[in-house]
Each structure stands twice: as C-alpha cells, then as structure tokens.
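Here the structure is laid out as structure tokens; the discussion comes afterwards.
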Amino acid sequence: MLRFARKRMLASLVSLVGLVILVFFLVRLTGDPTDLYLPIDATDAMREQFRANNGLNDPLIVQFGRYVWDLLHLDFGDSIRRARPAIDVVLEAFVWTLQLAVITMSLVAVLAVVLGSLCAFWAGRLFDRAVTFVSLIGASAPDFWIAIVAIVLFSIHLGWLPTSGTGGWQFWILPVSVLFIRPFGLIVQVVRGSMIGALSSPYVKTARAKGVKNRPIIFVHTLRNAMLPVVTVMGDQAAALLNGAVVVETIFGFPGVGKLMIDAILQRDFNVILAAIMVTAFAIFLMNLLIDLAYLLLDPRIRA
Amino acid sequence: MAEHLLEVRDLAVRFHTANGPVDAVKGISYHLSRGETLAVLGESGSGKSVSAAAIMNLLDMPPAEIRSGRILLAGRDLLEMSAEERRRINGKTIAMIFQDPLAHLNPVYPVGWQIAETMTAHGRPRAEADARALELVRRVGLPEPEAALKKYPHQFSGGQRQRLMIAMALALKPDILIADEPTTALDVTVQAEILKLLKELQAETGMGMLLITHDLGVVADVADRVVVMNRGEIVEEGFVSEVYAGPKHPYTRKLLDAAPGKGAMHEPIAAGEPLLKVRGVSKLYGTFTGLHEASFDLMAGETLAIVGESGSGKSTLAKVLMRLEEPNGGTAHYKGRDLLAMSPKELLGVRREIQMVFQDPTQSLNPRMSVFDLISEGWVIHPEILPKAKWRARVAELLTEVGLSPEHMRRYPHQFSGGQRQRIAIARALALEPDLIVCDEAVSALDVSVQAQVVALLDKLRREHGIAFIFIAHDLALVRDFADHVMVMKSGRIVEIGTVRQIFTSPREPYTRALLAAGLEPLPHGEAPSAPVLAPAAEHQVVNHLA
Numbered sequence: 258m259l260r261f262a263r264k265r266m267l268a269s270l271v272s273l274v275g276l277v278i279l280v281f282f283l284v285r286l287t288g289d290p291t292d293l294y295l296p297i298d299a300t301d302a303m304r305e306q307f308r309a310n311n312g313l314n315d316p317l318i319v320q321f322g323r324y325v326w327d328l329l330h331l332d333f334g335d336s337i338r339r340a341r342p343a344i345d346v347v348l349e350a351f352v353w354t355l356q357l358a359v360i361t362m363s364l365v366a367v368l369a370v371v372l373g374s375l376c377a378f379w380a381g382r383l384f385d386r387a388v389t390f391v392s393l394i395g396a397s398a399p400d401f402w403i404a405i406v407a408i409v410l411f412s413i414h415l416g417w418l419p420t421s422g423t424g425g426w427q428f429w430i431l432p433v434s435v436l437f438i439r440p441f442g443l444i445v446q447v448v449r450g451s452m453i454g455a456l457s458s459p460y461v462k463t464a465r466a467k468g469v470k471n472r473p474i475i476f477v478h479t480l481r482n483a484m485l486p487v488v489t490v491m492g493d494q495a496a497a498l499l500n501g502a503v504v505v506e507t508i509f510g511f512p513g514v515g516k517l518m519i520d521a522i523l524q525r526d527f528n529v530i531l532a533a534i535m536v537t538a539f540a541i542f543l544m545n546l547l548i549d550l551a552y553l554l555l556d557p558r559i560r561a
Numbered sequence: 066m067a068e069h070l071l072e073v074r075d076l077a078v079r080f081h082t083a084n085g086p087v088d089a090v091k092g093i094s095y096h097l098s099r100g101e102t103l104a105v106l107g108e109s110g111s112g113k114s115v116s117a118a119a120i121m122n123l124l125d126m127p128p129a130e131i132r133s134g135r136i137l138l139a140g141r142d143l144l145e146m147s148a149e150e151r152r153r154i155n156g157k158t159i160a161m162i163f164q165d166p167l168a169h170l171n172p173v174y175p176v177g178w179q180i181a182e183t184m185t186a187h188g189r190p191r192a193e194a195d196a197r198a199l200e201l202v203r204r205v206g207l208p209e210p211e212a213a214l215k216k217y218p219h220q221f222s223g224g225q226r227q228r229l230m231i232a233m234a235l236a237l238k239p240d241i242l243i244a245d246e247p248t249t250a251l252d253v254t255v256q257a258e259i260l261k262l263l264k265e266l267q268a269e270t271g272m273g274m275l276l277i278t279h280d281l282g283v284v285a286d287v288a289d290r291v292v293v294m295n296r297g298e299i300v301e302e303g304f305v306s307e308v309y310a311g312p313k314h315p316y317t318r319k320l321l322d323a324a325p326g327k328g329a330m331h332e333p334i335a336a337g338e339p340l341l342k343v344r345g346v347s348k349l350y351g352t353f354t355g356l357h358e359a360s361f362d363l364m365a366g367e368t369l370a371i372v373g374e375s376g377s378g379k380s381t382l383a384k385v386l387m388r389l390e391e392p393n394g395g396t397a398h399y400k401g402r403d404l405l406a407m408s409p410k411e412l413l414g415v416r417r418e419i420q421m422v423f424q425d426p427t428q429s430l431n432p433r434m435s436v437f438d439l440i441s442e443g444w445v446i447h448p449e450i451l452p453k454a455k456w457r458a459r460v461a462e463l464l465t466e467v468g469l470s471p472e473h474m475r476r477y478p479h480q481f482s483g484g485q486r487q488r489i490a491i492a493r494a495l496a497l498e499p500d501l502i503v504c505d506e507a508v509s510a511l512d513v514s515v516q517a518q519v520v521a522l523l524d525k526l527r528r529e530h531g532i533a534f535i536f537i538a539h540d541l542a543l544v545r546d547f548a549d550h551v552m553v554m555k556s557g558r559i560v561e562i563g564t565v566r567q568i569f570t571s572p573r574e575p576y577t578r579a580l581l582a583a584g585l586e587p588l589p590h591g592e593a594p595s596a597p598v599l600a601p602a603a604e605h606q607v608v609n610h611l612a
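Chains A and B, in that order, are what the protein sequence lines are. To get the numbering used here, take the position in the first sequence, counting from 1, and add 257. To get the numbering used here, take the position in the second sequence, counting from 1, and add 65.
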C-alpha cells in the first residue's frame with residue numbers, strides 16, 4: 258500500500274513540476290505587474306524600484322531558478338497585492354473551498370446513492386421517472402445561469418437569503434445548492450445504471466435462492482458491487498469542486514480558491530497563482546489516493 | 066396417488082419480449098421424490114431452466130408470466146404463497162446451485178460469510194452459522210478449511226468454487242437440491258469429482274435432486290429418471306436406462322444419435338512431407354510455463370486434435386502458431402518455411418493460407434458488419450484472390466457450402482443462432498482458400514445436435530478441399546469421430562500423441578486414461594474405457610494460468 262502511494266506520489270510530482278514550469282512562464286506573458294500596481298503617472302525610477310523589490314528585473318531564467326530554490330525551502334514567495342506570504346493567502350482561501358466541497362459532496366453522495374438505488378429498484382416506475390427527469394435537467398443546466406436565477410429569486414424577490422459573501426449558515430445555502438445540482442444529477446444516473454446492472458447479476462440470483470431478504474440484497478449484496486464506478490465519478494466531481502468552483506465562487510463572492518485564482522490572474526499576482534495551483538494539485542492528488550483506497554476497500558479482487 | 070416431494074403440474078410460462086410473447090414452457094408436468102435424481106435434459110432454448118426458476122421464485126415478472134399450473138411442495142402450491150413464505154422456503158427446504166459459480170458468488174465478500182449467510186438469513190445465530198460453515202467446507206473437500214473461509218471467490222479454482230456453492234446450498238440440509246448445469250463450465254476430471262460429491266451428499270441426506278443439463282453423459286452418470294424437453298414441451302420421460310435404450314420420440318433419438326463417439330474412427334492417410342512441422346516450441350509467461358517444447362507433425366489434409374483441460378497450453382500453442390503470441394523458442398516449418406521466424410510482411414501472405422475459427426462466434430464476428438462484409442473482408446486484404454465483381458457470387462456459394470442460404474448475406478450476426486454464426490465464421494475462413502484451419506474450441510459452446518452438424522461440416526470440407534485441421538477441444542469423445550491424430554496436453558506439455566485409434570483403444574499414459582475415464586459415456590452400459598485412474602486432485606491446482 259505504501260509502495261503504491263509512493264509510486265503515485267512520484268508520478269504526480271513529475272506532472273506537478275511540468276505544470277509549475279509551464280505556469281511560471283505563461284503568467285509572465287500576461288504583462289508587467291508594475292502597470293497595475295503603480296499609478297499611471299509613476300516615474301521610471303519608481304517603476305524600477307518596484308521591479309527590483311519584487312525581483313522582476315532579473316532575466317526570466319534567474320527568476321525561475323530563484324523561485325525553485327525558494328520552493329525547495331517551502332517558501333512560495335510573497336503576494337504582491339497583499340504583501341503576505343502567498344501560501345498563507347492560498348491556504349486561507351482553500352479552507353473555504355474545502356468546506357464548500359465537503360458539504361456539497363457529502364450531500365451529493367448520500368442523496369444520489371439512496372435515490373439512485375431506489376430508482377434502480379423501481380426502474381420504470383413513476384418515482385424513477387421523476388428523479389431521472391429532474392436529475393437530467395440538473396446535469397445539463399449551466400451553473401452560472403442557475404446561480405443568477407437563484408439570486409434573483411431567493412435573494413432579491415423573496416429576500417430569504419443573502420446575495421453573496423460569507424457569514425452565518427444562510428450564506429452557505431445558495432452556493433451549496435447551486436454546486437450540488439450538477440454532480441447530483443450525474444451521480445444519480447451513474448448509481449441507477451450501475452445498480453440496475455448489479456441487481457440482475459447472477460450473485461443476486463444466488464442470494465434470492467438462499468432466501469436472503471430484499472433489503473440486504475439491495476444494500477449488502479448489490480450496493481457494494483455497484484459502488485465501484487460510482488466512486489470513480491464521485492472522485493472526478495469532488496476534484497472539480499476542490500479545484501475551486503470558479504464561476505459559482507465569483508458570482509456569490511465566496512472567498513474560495515477559485516475566486517482567489519481569478520483575482521490573482523487579473524492582478525498579475527504571480528506567486529499566488531503558482532501557490533494556488535500547487536495547493537489544489539496536491540489536494541487532487543490526495544483525493545485520487547483516497548479513491549484508490551476506496552477501491553481497495555470495496556473490491557478484494559484488486560488487493561492481490 | 067402418493068404425495069411427491071415436489072410436483073410441477075401443467076406449468077406454462079410466457080415471456081413478453083420486444084418481438085412479441087414467447088411461450089418458454091408450455092404446460093409441463095413432472096415430479097420428484099425423496100432420494101431420487103430427476104434430470105431435465107434439453108438444449109439451449111428448450112425451456113429446461115425455466116421451471117426451476119419458477120420453483121425458486123427467480124423469474125422476473127414481468128417480462129415472465131406464469132400462465133397456468135401449480136408447483137406443489139409436499140402438497141402445498143408454491144405459486145399461491147406470499148413472497149415472504151417463499152423466501153423462507155428458498156435455501157431452507159429447496160436450495161439451488163448454478164452453472165457459473167464465479168459469477169454466482171458475490172465477488173466482494175469472503176466465502177465463509179456467504180455460506181453462513183444461508184443460515185443467518187433463516188434466523189440462525191451468527192456463531193452457530195460460522196461453525197457450521199467450517200464443517201461444510203471441510204465436508205465438500207476444500208484444502209485448509211479455516212483459511213478458505215476467509216478467502217474470496219476469485220481465489221479459488223472453478224471446481225473449488227462449485228464445491229463452495231454446494232456447501233452454501235446444503236447448509237440447512239434442504240429436502241431438494243436444484244442443480245442447473247452444475248458441471249458445464251468445468252474440466253472433465255473436475256466434473257467427475259463434483260458429480261461424485263453430489264451423489265455422496267445425496268446418499269447422506271436423502272435429498273431429492275433436480276438436475277438441469279444438456280449433457281447426455283451427466284444424465285447417464287447421476288440421474289434415475291429423465292424428462293427430455295424440446296421447445297418448451299416435455300417430449301419424453303422415463304427411467305434413464307429405458308429412455309436411452311429405446312427412445313420413443315424422434316427428438317430424443319436425434320439427441321442420442323448426435324452424441325459424439327459412436328462413428329467409425331479415421332485411419333490416418335499415408336505419410337509424405339508434413340504440411341506443418343513443429344519442433345520444440347515454448348512459451349513462458351513470466352515464470353509460468355505456458356508451453357514446453359512442443360513438437361509434432363501435421364500432414365496435408367489431415368486433422369490433428371489437441372485435447373486438454375484448462376491451463377494445458379492447447380490454446381497457447383494455437384496462438385503461438387498463428388503468431389498472435391511470440392514464442393520463447395522453437396521452430397514451426399509450414400511448407401518448408403519457419404512461421405516463427407517470418408517477417409510481418411512474409412507472415413501476411415501465409416496468414417491467408419492458415420485460418421482460425423474461434424470458440425465464441427458472438428464475440429469473433431463484428432456485430433456491426435453484415436454477413437457479406439464479414440466474409441468478403443479477407444478479399445479486401447488479399448485482393449489477388451478474387452476480383453471484386455465476383456465477390457457476391459462467391460459469398461453466396463460459400464454460404465451454401467456451409468449450409469446457409471445466399472439471402473443470409475444481408476443479415477447481421479445477431480440474427481443467427483449460435484450454430485449458424487459458427488457456420489458464418491467457417492465460411493469466412495474458407496473465403497481465403499486456406500490449407501490449414503485452426504479451430505480453437507470451435508464447437509464447445511454449441512448444443513450437442515448442432516455440434517454434430519458443425520463437426521460433420523468440417524469433416525466434409527476436409528474431404529472435399531483437402532484442408533488440414535488443428536482441432537482444439539477439451540472433449541475427448543468429440544474428436545473421436547473426426548480426428549486422424551490426437552495429441553493430449555497437460556500443464557503446457559504434450560503428454561501423448563498418436564493415431565485416434567491408439568489413443569482411444571490403447572492409451573499409454575495414465576493421464577490420457579484418466580481423461581478417458583472422466584469423460585462421461587453418453588450411453589449407459591456402453592463400452593466403458595478401462596482403468597479409471599483419476600488424476601489426483603487435478604482441480605486443486607489454482608488456476609492462475611493465462612491460457
């Protein structure tokens with residue numbers, strides 16, 4: 258198991274290094290931060306001073322070497338905008354995103370598995386059709402549109418919920434609901450399909466021939482087998498949320514990593530962009546490791 | 066009339082399909098008494114499994130519909146009971162085992178848990194169930210019973226899995242055991258052991274056994290009485306010995322006649338220069354020996370049967386000769402040129418002359434290609450054989466030759482039966498005018514009567530076109546009427562090679578004798594092969610081979 262994790266870690270590290278190199282040079286093509294941070298009538302001397310302070314005067318390759326060297330000492334550089342270590346800024350935002358992702362995915366997992374299983378058990382009946390109809394709409398509607406309509410309806414017309422920002426539990430309802438819809442719609446369908454397949458499998462026949470009751474047949478015999486493809490899709494969806502739900506976070510003014518990344522790009526805050534990418538990449542790596550572990554737990558055939 | 070343990074009366078089951086209703090079972094009646102074995106014999110599509118599914122409440126309704134009939138268990142009609150009542154009977158009074166034990170065991174739970182579940186599902190305490198599971202696993206003869214309980218289905222061999230299924234079914238000492246093709250997927254020596262175990266257990270418990278099978282040999286070996294089913298009807302019933310000795314219904318007669326191993330044996334034609342000369346061919350998979358130093362000759366126009374159980378290396382040999390797998394050593398001279406040393410370009414030319422027919426025509430025929438496209442595809446690759454203008458006429462000719470008709474060429478594989486599909490695969494092989502056809506278990510998946518027809522077709526092609534065949538099979542009886550030479554393989558090695566007469570009448574090696582003995586005689590009191598020396602615990606070799 259440890260060896261497996263180490264191998265995965267190594268492979269992920271290689272892609273991370275590639276990503277850092279790519280992003281490091283690409284963001285510098287977006288322009289000179291000096292133009293954004295100094296007043297338009299700043300003198301050349303002031304500009305020169307600013308560049309020197311932020312180490313932007315050296316040749317690119319030297320800047321890169323310095324960045325890597327600092328990185329090896331776990332120093333991600335400072336945010337130009339906030340004049341604080343970039344990693345602190347990113348981690349603060351990441352905690353918000355993480356909470357949002359965990360709450361959303363927990364709701365998705367529980368509801369999608371229960372409703373999807375019931376759809377499979379009652380395949381073709383009214384319940385199944387209703388859930389399928391709603392989930393298909395959910396899976397296909399664009400989330401920015403749902404977000405805006407939700408704000409118009411619940412915040413402006415009805416006045417029940419705040420339009421944006423953070424605070425009490427009311428502030429979570431709209432972002433979580435909007436983020437919930439798409440993965441829920443998708444995963445319900447995956448659970449349903451997978452369960453329908455598993456329910457008609459030979460080992461279910463055996464269980465029925467043994468006189469096992471319906472409930473253990475669904476939730477003991479079938480569900481565990483049907484979960485394998487579901488776990489994969491859930492992992493994908495969770496990874497997308499960890500990446501920062503850029504659009505939804507921006508619309509709701511939610512201080513997560515997605516919004517931070519957009520802001521940092523607009524502000525040419527290079528170190529923040531890079532730190533954000535590395536933190537989310539690491540989170541996604543952990544997420545994938547978790548999925549592999551779930552696979553090992555669920556299916557003894559992979560353990561050998 | 067005395068009350069039977071189980072009685073099926075006038076049962077009719079209809080399936081509602083997209084193509085309209087299908088009457089799977091049309092008013093059949095049979096009964097089973099304590100301690101007796103009743104076989105339901107039939108080919109695929111005969112409806113032989115449907116009544117068993119009805120007894121176990123395993124029919125999905127819809128699409129199935131029980132149109133009429135009663136199923137009496139000790140006088141009480143199962144069909145009038147509630148679902149909960151029937152659940153209580155399943156596993157406790159009537160138990161069932163199935164054909165493919167790997168698919169029928171839940172892959173994600175330890176087998177000990179699954180055996181105990183039969184008991185816990187009927188209210189037995191966990192500890193008692195666990196103790197009994199251990200006892201059962203020991204009784205059905207698995208090595209290291211304590212450790213076995215904690216293992217998962219994929220960690221056992223096919224025969225061991227069926228033993229586990231049996232342990233699971235017999236946990237609560239049921240009055241009736243329904244066995245649906247219990248040995249069909251198993252090697253012959255393993256089949257013999259499983260049937261022996263079932264007979265022993267029946268003698269111990271006095272249960273009635275309902276055996277569903279397509280295999281005349283299995284019926285002859287274990288059943289007391291037999292009902293023969295065809296197209297949803299029982300065409301004949303009676304004691305096995307009587308039915309086999311004097312079948313009354315034409316279908317039963319046809320079925321018995323189709324059983325292989327009764328015709329005259331071939332006498333190999335005189336030798337000349339061999340068409341194929343194989344010397345010392347080996348294939349390793351990592352440290353596992355798939356094939357060890359195989360050497361043999363094949364004359365033009367003769368049939369060499371390669372017989373062996375799973376993992377014997379027979380398919381590996383075929384794959385290596387076809388260069389579908391690269392060998393680790395050896396030579397195979399075909400018309401004087403070494404197949405195993407050819408460049409890909411040279412190989413392309415020779416590929417035309419050596420064709421292959423696979424076991425499962427459902428998988429080997431592309432479902433999205435019409436029969437015409439499938440058969441003519443070879444001419445696209447080898448355009449020198451036939452100008453395009455003549456393709457249509459030639460496809461029609463080939464279809465007629467393999468016993469189909471020219472109008473079939475516009476259809477797609479799914480519109481044919483298994484036997485017809487295999488005929489299409491043979492027509493496809495013939496299209497390239499080969500000198501050698503390698504048949505890898507080409508008739509194993511077919512019904513007995515269809516098997517006989519396809520084998521007869523192959524034999525006709527051999528006679529008329531002088532095509533040589535390498536015929537790979539696990540069934541010795543099948544090759545008896547068809548082969549010139551027989552090669553017996555085991556664990557990647559050639560055990561024995563000889564003329565068909567020599568192998569069948571005076572086998573030299575103990576393993577060949579064991580195979581002959583384990584292969585069940587389709588006819589009771591037929592000439593049984595001598596010296597039934599069974600390979601000791603042949604099934605316990607864990608099947609981690611790649612063949």
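Ideal Cβ positions, reconstructed from N, Cα and C, are used throughout, including at glycine. These numbers were taken from a predicted model, which means no experiment stands behind them.
| query | result |
| --- | --- |
| DSSP state of B:Leu-199 mapped onto helix, strand, coil | helix |
| Proximity to B:Leu-619 [Cα-Cα], best of B:Ser-109, B:Gly-484, B:Val-553 | In the structure displayed, chain B extends from 66 to 612; residue 619 of chain B sits before or after that span and is not available. |
| When B:Ala-181, B:Asp-500, B:Gly-224, B:Val-284 are compared against B:Glu-214, the one with the closest alpha-carbon | The sequence shown places Leu at residue 214 of chain B, not Glu. Selected option, being the one with the closest Cα: B:Ala-181. |
| Backbone CA spacing between B:Gly-355 and B:Lys-348 [nearest angstrom] | 5 Å |
| Beta carbon of A:Phe-437 nearer than 7 Å to that of A:Val-359 | no |
| Start-to-end residues for the beta strand (DSSP E) that takes in B:Asn-295 | 290–295 |
| Neighbour list for A:Gly-468 in chain B, Cβ cutoff strictly below 8 Å | Arg-152, Arg-153, Ile-154, Asn-155, Gly-156, Lys-157, Thr-183, Ala-186, His-187 |
| Nearest to A:Asn-528 (by Cα), restricted to the options A:Val-503, A:Pro-342, A:Phe-351, A:Tyr-460 | A:Pro-342 |
| Contacts that B:Ala-139 makes with chain A (C-beta to C-beta distance below 7 Å) | The contacting residues do not exist; B:Ala-139 stays about 17 Å from chain A at best. |
| Same chain only: Cβ atoms within 8 Å of B:Leu-511, ignoring 5 sequence neighbours per side | Gly-483, Gly-484, Gln-487, Val-519 |
| Residues bridged to B:Cys-504 (per DSSP) | B:Val-422, B:Phe-536 |
| For B:Thr-249, the nearest candidate out of B:Met-434, B:Ile-259, B:Glu-265 (CA to CA) | B:Ile-259 |
| Reduced DSSP category for B:Glu-130 - H, G, I as helix; E, B as strand; rest coil | strand |
| Reduced DSSP secondary structure (H/G/I, E/B, other) of A:Val-514 | helix |
| CA nearest to the CA of B:Val-508, picked from B:Glu-462, B:Ala-370, B:Gln-424 | B:Gln-424 |
| Buried or exposed by the 16-neighbour rule on C-beta atoms within 10 Å, applied to B:Lys-113 | buried |
| 3 or more residues per run - each beta strand (DSSP E) lying fully within the region 444–518 of chain A | none |
| Same chain only: Cβ atoms within 6 Å of B:His-590, ignoring 5 sequence neighbours per side | Caution is warranted here: a pLDDT of 44 is assigned to B:His-590, below 50, making its placement in the model unreliable, and no coordinate value can be reported. |
| Rounded distance between the beta-carbons of B:Ala-89 and B:Leu-115, thought under 8 Å | Per the sequence shown, residue 115 of chain B should be read as Val rather than Leu. Going by Cβ atoms, the distance from B:Val-115 to B:Ala-89 rounds to 5 Å, so yes, they are a contact pair. |
| Between the CA atoms of A:Ser-412 and A:Gly-513 - distance to the nearest angstrom | 21 Å |
| Spatial distance of B:Ala-593 from B:Ile-568 (CA atoms) | With a pLDDT of 37 at B:Ala-593, under the threshold of 50, the modelled position of that residue is not reliable, and the figure given next carries that caveat. Distance between the alpha carbons of B:Ala-593 and B:Ile-568: 14 Å. |
| Sub-7 Å separation of B:Ile-243 and B:Ala-77 beta-carbons | no |
| Cβ neighbours of B:Arg-153 in the same chain (closer than 8 Å, five flanking residues each side left out) | His-187 |
| Candidates B:Phe-80, B:Ala-192, B:Arg-545: closest to B:Pro-128 by CA position | B:Phe-80 |
| Neighbourhood of B:Leu-363 by C-beta, 7 Å cutoff - its chain only, sequence neighbours within 5 removed | Pro-339, Leu-340, Leu-341, Leu-369, Ala-533, Ile-535 |
| Near-chain B residues of the region 460–493 of chain A (beta-carbon distance less than 7 Å), N- to C-terminal order | Tyr-460, Lys-462, Thr-463, Arg-465, Ala-466, Lys-467, Gly-468, Val-469, Lys-470, His-478, Arg-481, Asn-482 |
| Inter-residue Cα distance where the pair is A:Arg-382 and A:Met-484 | 23 Å |
| Contacts around A:Ala-551, its chain only, beta-carbon distance under 7 Å, and the 5 residues preceding and following it disregarded | Val-488 |
| Sequence-distant residues of the same chain with beta carbon closer than 8 Å to B:Ser-470, five excluded per side | Leu-464 |
| Closest residue to A:Phe-542 among A:Phe-384, A:Leu-523, A:Leu-372, A:Ala-497 (Cα-Cα distance) | A:Ala-497 |
| The beta strand (DSSP E) enclosing B:Thr-102, as first and last residue numbers | 102–107 |
| 7 Å Cβ cutoff, A:Arg-449 in contact with chain B | no |
| Contact set between B:Asn-171 and chain A, taken where Cβ atoms lie within less than 8 Å | Tyr-460, Thr-463, Ala-464, His-478, Asn-482 |
| For B:Gly-376 and B:Ser-556, the rounded distance between their alpha carbons | 6 Å |
| CB-CB length for B:Pro-500 against B:Glu-418, believed under 8 Å | Checking the sequence shown, residue 500 of chain B turns out to be Asp, not Pro. Their Cβ separation, rounded to whole angstroms, is 5 Å, which keeps B:Asp-500 and B:Glu-418 in contact under 8 Å. |
| Residue range of the alpha helix (DSSP H) that includes B:Ala-160 | Segment 159–162 is the beta strand (DSSP E) holding B:Ala-160; no alpha helix (DSSP H) there. |
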